[in-house]
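Peer 1: Got a structure here, written out as structure tokens. Questions coming.
In full-length UniProt numbering, the protein residues as written are 1 to 164.
Laid out in structure tokens, this is it:
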């Protein structure tokens, strides 16, 4: 009877630890920590207060690197930031900034750049690519965990029962 309790305890501990690891892997794979990319290379060339006001109004996450005079925005919101800045006359084609006085011309220039980027953009630069890679890595870790820990433990415990 005592050996049966230890087998059940081993089984429960193995499955519990495996389940905890699987949950952490899933949480890691689904986490959406912002990835910042440069929007403006030299903040000294633009009206930084006006740009910060626009980004705040649009609720776009950004961070300013004062030491290097750079402005970074969340990669998922970078297109919205570029559109918002084009509305006030700043067309940003990293690292170049063009100031237009005619807002229609600025917006047309932005649309032209956007179409060119969609046609020539690499797959690993797409926002969905990193999420897919993280989910695939999470799935691989869970499969390896099942095949290398859970399955052998269950097989060993079942074989011990057959021997007794």
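We put the CB at the ideal spot given by N, CA and C, even for glycine.
Which runs of the alpha helix (DSSP H) at least 4 residues long sit entirely within the stretch 52-97? Give them in chain order.
Peer 2: If we require 4 residues or more, the alpha helix (DSSP H) runs fully inside the stretch 52-97 come out as 78-87.
Peer 1: According to the Cβ coordinates, are residue 62 and residue 73 closer than 8 Å?
Peer 2: Numbered from 1 along the chain shown, position 62 holds the residue referred to as residue 62. Numbered from 1 along the chain shown, position 73 holds the residue referred to as residue 73. Against a cut-off of 8 Å, the Cβ pair of residue 73 and residue 62 comes out as a contact.
Peer 1: Near residue 29, which residues of its chain fall below 6 Å by C-beta distance, leaving aside the five closest residues on each side in sequence?
Peer 2: Locating residue 29 in the chain shown gives position 29, counting from the first residue. Cβ neighbours of residue 29 beyond the five flanking positions: 134, 135 and 138.
Peer 1: Below 8 Å between beta carbons: does that hold for residue 157 and residue 9?
Peer 2: The count along the chain shown starts at 1 and reaches residue 157 at position 157. The count along the chain shown starts at 1 and reaches residue 9 at position 9. No.
Peer 1: Please name the residue in 125, 153, 142 and 71 whose C-alpha comes closest to that of residue 24.
Peer 2: Taking the chain shown and counting its residues from 1, one reaches residue 24 at position 24. Of the candidates 125, 153, 142 and 71, the one whose C-alpha sits nearest the C-alpha of residue 24 is 142.
Peer 1: Between the alpha carbons of residue 144 and residue 126, how many angstroms are there, rounded?
Peer 2: Residue numbering aside, residue 144 sits at position 144 when the chain shown is read from its first letter. Residue numbering aside, residue 126 sits at position 126 when the chain shown is read from its first letter. So the alpha carbons of these two residues sit roughly 28 Å apart.
Peer 1: Helix, strand or coil for residue 140, going by three-state DSSP, please let me know.
Peer 2: Counting from one through the chain shown, the residue named residue 140 turns up at place 140. Three-state result, residue 140: helix.
Peer 1: What's the call for residue 77, buried or exposed, on a 16-neighbour Cβ count within 10 Å?
Peer 2: Sequence index remark: in the chain shown, residue 77 carries index 77 (1-based). Buried.
Peer 1: Could you pull the DSSP bridge partners for residue 30 from this structure?
Peer 2: Taking the first residue of the chain shown as 1, we reach residue 30 at position 30. Answer is none; residue 30 lacks a bridge partner.
Peer 1: Residue 92 to residue 48, Cα distance in whole Å?
Peer 2: Locating residue 92 in the chain shown gives position 92, counting from the first residue. Locating residue 48 in the chain shown gives position 48, counting from the first residue. Residue 92 and residue 48: Cα-Cα distance of roughly 14 Å.
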